[in-house]
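A.B. asks: Taking the numbering used here, the leading residue of the sequence shown gets 11, the next gets one more, and so forth.
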Amino acid sequence: MPPFPHACQARRALMPSPLPLLTDAPDWRECPHCGQLSHVGPRRPGMVAECPRCGEVLWHMRGAGANFTLACALAALVFYLFALTAPFLEINAYGRFALARLDTGPEQLLAQGWGLVAAAVFTVTLLGPAAKLAILLVTLGGQGWLPPRALKTLFRWYKPVSPWAMIDVYLLGFLVAYTRLTGMAEVHLDTALYALIGYMLAMAAADGSLDIEALWRKLDERSKKLPHPVEGERIGCDACGLINHAAEDEPCHRCHTPLRRRKENSISHAWALVIAAAFLYIPANIYPVMVVTSLAKTNGYTIMHGIVELARAGLWPLAGLVFFASIAIPLTKLLVMAYMLTMTQLGRTEHLLGRTRAYRLVDFIGRWSMIDVFMVSILVALVRFGQFANIQADVGAVCFAGVVVLTMFAVTAFDPRLMWDVLEPADEQA
Ligand SMILES: [Zn+2]
Ligand SMILES: [Zn+2]
Numbered sequence: 011m012p013p014f015p016h017a018c019q020a021r022r023a024l025m026p027s028p029l030p031l032l033t034d035a036p037d038w039r040e041c042p043h044c045g046q047l048s049h050v051g052p053r054r055p056g057m058v059a060e061c062p063r064c065g066e067v068l069w070h071m072r073g074a075g076a077n078f079t080l081a082c083a084l085a086a087l088v089f090y091l092f093a094l095t096a097p098f099l100e101i102n103a104y105g106r107f108a109l110a111r112l113d114t115g116p117e118q119l120l121a122q123g124w125g126l127v128a129a130a131v132f133t134v135t136l137l138g139p140a141a142k143l144a145i146l147l148v149t150l151g152g153q154g155w156l157p158p159r160a161l162k163t164l165f166r167w168y169k170p171v172s173p174w175a176m177i178d179v180y181l182l183g184f185l186v187a188y189t190r191l192t193g194m195a196e197v198h199l200d201t202a203l204y205a206l207i208g209y210m211l212a213m214a215a216a217d218g219s220l221d222i223e224a225l226w227r228k229l230d231e232r233s234k235k236l237p238h239p240v241e242g243e244r245i246g247c248d249a250c251g252l253i254n255h256a257a258e259d260e261p262c263h264r265c266h267t268p269l270r271r272r273k274e275n276s277i278s279h280a281w282a283l284v285i286a287a288a289f290l291y292i293p294a295n296i297y298p299v300m301v302v303t304s305l306a307k308t309n310g311y312t313i314m315h316g317i318v319e320l321a322r323a324g325l326w327p328l329a330g331l332v333f334f335a336s337i338a339i340p341l342t343k344l345l346v347m348a349y350m351l352t353m354t355q356l357g358r359t360e361h362l363l364g365r366t367r368a369y370r371l372v373d374f375i376g377r378w379s380m381i382d383v384f385m386v387s388i389l390v391a392l393v394r395f396g397q398f399a400n401i402q403a404d405v406g407a408v409c410f411a412g413v414v415v416l417t418m419f420a421v422t423a424f425d426p427r428l429m430w431d432v433l434e435p436a437d438e439q440a
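#1: Sorted by chain position, which residues of the same chain lie with C-beta nearer than 8 Å to residue 212's C-beta, five sequence neighbours on each side aside?
#2: Could you check which residue in 255, 336, 306, 272 has the C-alpha nearest to that of residue 291?
#3: Give the single residue among 328, 272, 346 whose Cα lies nearest to the Cα of residue 41.
#4: Starting from the C-beta of residue 324, find all residues in its chain whose C-beta is less than 7 Å away, skip the five residues before and the five after it, and write them out in chain order.
#5: Relative to ligand 1, is the shortest distance from any of its heavy atoms to the C-beta of residue 397 smaller than 7 Å?
#6: Under the DSSP definition of a beta bridge, which residues are partnered with residue 40?
#7: According to DSSP, is residue 349 helix, strand or coil?
#8: Hey, could you find the ends of the beta strand (DSSP E) residue 127 is sitting in?
#9: State buried or exposed for residue 365, treating a residue as buried only when at least 16 other CB atoms are found within 10 Å of its CB.
#10: Given residue 147, which residues of its chain have a CB within under 6 Å of its CB, disregarding the five upstream and five downstream residues?
#11: Apply the 10 Å Cβ neighbour rule to residue 421 and answer buried if 16 or more other Cβ atoms are within range, or exposed otherwise.
#12: Which residues are close to ligand 1, meaning CB closer than 6 Å to any heavy atom, in chain order?
#13: Go ahead and pull the three-state DSSP assignment for residue 304.
#14: Quick one: what does DSSP say residue 140 is sitting in, helix, strand or coil?
#15: Quickly, what does DSSP pair residue 399 with across the bridge? List them, please.
#16: Under 6 Å Cβ to Cβ from residue 263, same chain only, skipping five residues before and after it: list those, please.
#17: Quick one: using the 10 Å Cβ neighbour count with 16 as the cut-off for buried, is residue 102 buried or exposed?
#18: With DSSP as the reference, please indicate the residues paired to residue 309 in a beta bridge.
#19: List in chain order: all unbroken beta strand (DSSP E) runs of 3+ residues lying wholly within the stretch 187-261.
#20: For my contact list, residue 455 and residue 390 are in at a C-beta cut-off of 8 Å; report their separation, rounded to the angstrom.
#21: Of the choices 117, 267, 50, whose alpha-carbon is the least far from that of residue 160?
Structure below.
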């Protein structure tokens with residue numbers, strides 16, 4: 011049996027390289043997940059270029075033009091500005107009234123002394139979405155009047171920033187918070203909620219139509235042509251994908267990011283983050299994420315308590331969703347990362363394809379664990395009725411937000427190409 015049986019399933023056959031020719035360097039890619047060099051050109055809209063060894067998508071050649079993406083990003087900007095200024099939820103209880111805007115949750119968390127959670131929620135619901143949108147708008151709209159070098163320096167941050175824009179996850183957190191609020195107060199959905207949904211859909215359309223490699227090439231065309239260096243090691247740029255002939259730490263020929271053959275101290279950084287997250291996982295599940303005071307009765311709610319309550323109320327799909335996002339995903343991430351790190355350190359060659367797929371999965375699902383943190387942030391923003399009813403965040407929420415953020419950093423710190431580096435050249439050609 012060949013060692014890479016899935017190579018033939020690529021939607022577009024890509025041949026593993028001999029050596030990339032210097033004249034067509036932009037047509038070569040180093041797979042970010044297995045390190046395989048492949049030839050990807052020429053562009054044909056609608057085609058997907060996949061790594062012949064691990065199946066990672068190297069280039070999704072989109073059919074829609076950059077103008078369509080720009081229109082979607084502009085629509086997202088309008089929705090986002092509206093969502094910033096208007097409330098998205100109002101409640102009436104005990105003859106009093108409260109409303110929540112996007113920034114009310116972080117503000118209340120800070121006022122209650124939970125600065126770290128406030129900072130995390132603020133970053134992923136306000137800063138992250140704004141940064142992602144700004145990078146896209148300036149890169150697409152600034153062509154022709156801003157220097158290509160500045161646009162490239164900006165655009166290289168698009169992929170790293172994207173997972174930290176979590177309006178889609180926030181809306182699920184809203185759904186969970188909403189079901190809890192309807193039991194204790196009169197709840198009105200407000201206009202900004204529809205703006206948030208609009209932002210999410212417009213950004214999904216922008217992401218779905220954005221051809222990242224085509225945009226890099228367009229920026230290349232406008233740049234001053236520099237001769238490609240002809241000597242040096244071949245190193246794929248982590249930020250823009252271009253294969254450079256350069257030494258380590260030299261800037262990428264295209265986007266000027268310092269080149270690294272592999273992520274620096276990847277294993278030790280990833281282990282440190284995984285171990286720290288594993289330590290936080292225990293108090294995150296034992297201690298309450300919030301304390302609810304209602305008519306002089308005070309109850310602490312752990313994550314599991316919240317899931318049981320949703321199930322008792324007959325909301326099984328939502329209970330399943332929260333269980334999956336808050337208990338199963340963080341635990342799976344910790345176990346998968348520990349397994350991958352151990353196997354890589356031992357230099358094992360088993361299940362390379364499976365491990366690479368597991369890496370892609372934990373990378374994709376990690377951010378969805380923030381649902382419970384967002385739910386707490388929305389509840390503390392709204393339920394402030396003094397001795398009648400009051401909700402405060404608790405130490406479990408800090409630990410849980412820590413688990414989510416640290417595991418996301420751990421996945422980013424780990425370089426999956428290290429798993430494949432143990433293969434001898436003879437194995438690779440087999
Ligand atoms: Zn690959
Ligand atoms: Zn680059």
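Where is the CB? At the ideal position from N, CA and C, for every residue including glycine.
C.D. replies: Put simply:
#1: Beyond the five residues adjoining it in sequence on each side, residue 212 comes within less than 8 Å, by CB distance, of 82, 83, 85, 86, 89 in the same chain, given in chain order.
#2: Nearest of 255, 336, 306, 272 to residue 291, Cα basis: 336.
#3: The candidate whose alpha carbon is nearest that of residue 41 is 272.
#4: Within the same chain, residue 324 has no close Cβ partners at all.
#5: No, ligand 1 has no heavy atom inside 7 Å of this Cβ.
#6: Residue 40 is bridged to 47.
#7: Residue 349 sits in a helix when the DSSP states are folded into three classes.
#8: Taken as a continuous stretch (DSSP letters only), residue 127 belongs to no beta strand (DSSP E), being part of the alpha helix (DSSP H) at 125-132.
#9: Classification of residue 365: buried, given that the 10 Å Cβ count is 16 or more.
#10: For residue 147, same chain residues with a beta-carbon under 6 Å away, outside a window of 5 residues either side, are 83 in chain order.
#11: Counting of Cβ neighbours within 10 angstroms places residue 421 among the buried residues, the total reaching 16 or more.
#12: Residues with a Cβ closer than 6 Å to any heavy atom of ligand 1, in chain order: 41, 43, 44, 46, 61, 63, 64, 66.
#13: The three-state reading of DSSP puts residue 304 in strand, counting E and B together.
#14: Residue 140 falls in the helix class under three-state DSSP.
#15: DSSP, once it has assigned bridges, lists 304, 395 as partnering residue 399.
#16: Excluding five sequence positions before and after residue 263, the CB atoms of its chain that fall closer than 6 Å to its own CB belong to 254, given in chain order.
#17: Its Cβ having fewer than 16 others within 10 Å, residue 102 is exposed.
#18: According to DSSP, which records beta bridges pairwise, residue 309 is partnered with 302.
#19: Within the stretch 187-261, the complete beta strand (DSSP E) runs of at least 3 residues are 196-199, 243-246, 253-256.
#20: Nothing can be reported for residue 455: it is not among the residues displayed for the chain, which extend from 11 to 440.
#21: Selected option, being the one with the closest Cα: 267.
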